[in-house]
Amino acid sequence: MSAQPTSDSSAAWQVKVAAADVVLKVDDLSVRFPSDEGPVNAVQNLSYEARLGRTLAIVGESGSGKSVSSMTLLGLHNPKRSMITGSIVLDGTQIVGATEETMRGLRSSTVAMVFQDPQSSLHPFFRVGKQIAEAYRAHHDVSRAIADKRAVEMLERVGIPNPDRRARQYPHEFSGGMRQRAMIALGLVNDPKLLVADEPTTALDVTVQAQILDLINDLQKEFGSAVILITHDLAVVAEVADDILVMYAGRAVERGLAKDVLSQPNHPYTMGLLLSIPSASDEVDELRAIRGTPPSLVHLPSGCSFHPRCDFRDQVPGDLCVSTLPELRTLSNGRQLRCHLPDPEQTMIEEISS
Ligand code: SF4
Numbered sequence: 080m081s082a083q084p085t086s087d088s089s090a091a092w093q094v095k096v097a098a099a100d101v102v103l104k105v106d107d108l109s110v111r112f113p114s115d116e117g118p119v120n121a122v123q124n125l126s127y128e129a130r131l132g133r134t135l136a137i138v139g140e141s142g143s144g145k146s147v148s149s150m151t152l153l154g155l156h157n158p159k160r161s162m163i164t165g166s167i168v169l170d171g172t173q174i175v176g177a178t179e180e181t182m183r184g185l186r187s188s189t190v191a192m193v194f195q196d197p198q199s200s201l202h203p204f205f206r207v208g209k210q211i212a213e214a215y216r217a218h219h220d221v222s223r224a225i226a227d228k229r230a231v232e233m234l235e236r237v238g239i240p241n242p243d244r245r246a247r248q249y250p251h252e253f254s255g256g257m258r259q260r261a262m263i264a265l266g267l268v269n270d271p272k273l274l275v276a277d278e279p280t281t282a283l284d285v286t287v288q289a290q291i292l293d294l295i296n297d298l299q300k301e302f303g304s305a306v307i308l309i310t311h312d313l314a315v316v317a318e319v320a321d322d323i324l325v326m327y328a329g330r331a332v333e334r335g336l337a338k339d340v341l342s343q344p345n346h347p348y349t350m351g352l353l354l355s356i357p358s359a360s361d362e363v364d365e366l367r368a369i370r371g372t373p374p375s376l377v378h379l380p381s382g383c384s385f386h387p388r389c390d391f392r393d394q395v396p397g398d399l400c401v402s403t404l405p406e407l408r409t410l411s412n413g414r415q416l417r418c419h420l421p422d423p424e425q426t427m428i429e430e431i432s433s
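Just so we're aligned, residue 80 is where the sequence shown starts under the numbering used here, counting upward by one.
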């Protein structure tokens, strides 16, 4: 298969949806923090879109930049402590450089976030229903009674039994799964166009995880919003995502339709993530974890950041992997890929069948 190199900012991969459905457009985003060891390059030259009615999964190990990029969408970084360049247009508003007042207006009315730990969003001293009602009143000129009714409706919609009674309770009276549902209700009460869910199921047991993923999926279809799901878990991606962006060391390394990427990865790192998922038939010693650890974002390796951990380097002529950063190119199958392998699709097919 031949590969056609294009620039990093290319948005040419082939999702057949109208441009009007794009609610978020991230272009050439870089995020840098100071540290005692030197600047931390948390995100570099990242470009992607989120579209109404679709779920985009952003995947990678910790330190890949996936959570930093989502925090940037909500303007949650202290501008004095971070350097952000590039462009993030959310529902027509440029976020990079926006004032706190602009961001406050966008948060929850246009974009909402569900975190791994619901405690970080739900205030422990206020009743759950009140918190949802107040979030509603912040964007709607309605009476307390109407907002309270809306809060109960939202709790019911996210599958909380006895929503009337539950609305009067405090977060500590909810189980972990119920708190997560309540946070989703809080996130969706103003019909945001974009919901960002950052590892929303990591702290939950497997059964509750599946219920929360189903809930996000159902609500996404019902509300027609765009969802960005930040996760390290490819099993979660397979469950709910339409599109996938795989990040490594702050950069996008593979991007495409989730079902295609998961069934036929083209990047050695994506392949490594897939091979390290346990399945029911695996013996423990048959799992092939990616060797080594992710690099420091202060001292990134030369060339391809993945080269110290990559088993495919010897299939690339010369020392290109060590000397030169691969560009994000668009392959003839519509996939975006950052790798020097001359025929990545065939190489990965051979790896899977070996
Ligand atoms: Fe591996 Fe080289 Fe591709 Fe990087 S560019 S993923 S080191 S083959």
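Note that beta-carbon positions come from the ideal geometry of N, C-alpha and C, so glycine has one too.
Decide if residue i is buried, meaning its Cβ has at least 16 other Cβ atoms within 10 Å, or exposed.
i: R244; result: exposed
i: M326; result: buried
i: H386; result: buried
i: A224; result: exposed
i: E128; result: buried
i: S411; result: exposed
i: N241; result: exposed
i: V285; result: exposed
i: Q288; result: buried
i: V363; result: Unreliable positioning characterises V363 in this predicted model, as indicated by a pLDDT of 48, which lies under 50. The coordinate reading is nonetheless provided below. Classification for V363: exposed.
i: K145; result: buried
i: I431; result: exposed
On the DSSP bridge assignment, give the partners of residue i in chain order.
i: I309; result: I137 and D277
i: D106; result: S166
i: M192; result: V275
i: R408; result: L416
Assuming contact is defined by CB atoms lying nearer than 8 Å, are residue i and residue j in contact in what I supplied?
i: V110; j: A121; result: yes
i: P250; j: Q195; result: no
i: S254; j: H218; result: no
i: Y165; j: M182; result: Correcting the residue identity first, residue 165 is Gly in this sequence and not Tyr. Not in contact: G165 and M182 (Cβ atoms no closer than 8 Å).
i: D270; j: F302; result: yes
i: I356; j: V268; result: no
i: L169; j: L185; result: yes
i: V332; j: R229; result: no
i: S143; j: A328; result: yes
i: T372; j: Q394; result: no
i: Q299; j: T134; result: yes
i: R130; j: V175; result: no
i: T151; j: L108; result: yes
i: F204; j: R160; result: no
Excluding the 5 residues flanking residue i on each side, which residues of the same chain have their C-beta closer than 8 Å to its C-beta?
i: G238; result: R260, Q290 and L294
i: Q173; result: S166 and I167
i: A191; result: L265, G266, L267, N269, P271, L273, L274 and V275
i: S149; result: I137, M192, V275, D277, I307 and I309
i: L313; result: V138, L341, L352, L353 and I356
Output needed for residue i: all residues of its chain with C-beta closer than 6 Å, excluding positions within five of it in sequence on either side, in chain order.
i: P347; result: C389 and F391
i: I263; result: V193 and V237
i: R414; result: G335 and N345
i: T438; result: Residue 438 lies beyond the range of the chain shown here (80 to 433); nothing can be said about it.
i: G351; result: I369
i: A226; result: A212, Y215 and R216
i: G132; result: G303
i: M233; result: I211, A264 and V268
i: P405; result: C383, R417, C418 and H419
i: Q123; result: S109, G329 and R330
i: G117; result: V377
Whose C-beta lies closer than 7 Å to the C-beta of residue i among residues of the same chain, with five residues either side of it excluded?
i: Q248; result: R206 and V207
State whether the stretch 285-293 contacts the stretch 321-335, with contact taken as three or more CB pairs (one from each stretch) at a distance under 8 Å. Here the stretch 285-293 makes no contact with the stretch 321-335; the two share fewer than three CB pairs at distances below 8 Å.
Counting pairs of beta carbons, one from the stretch 371-379 and one from the stretch 302-314, are three or more of them closer than 8 Å? No: the two stretches stay apart, fewer than three of their Cβ pairs being nearer than 8 Å.
Closer than 6 Å between the C-beta and any heavy atom of ligand 3: which residues qualify, listed along the chain? Ligands displayed in this structure: ligand 1; ligand 3 is not among them.
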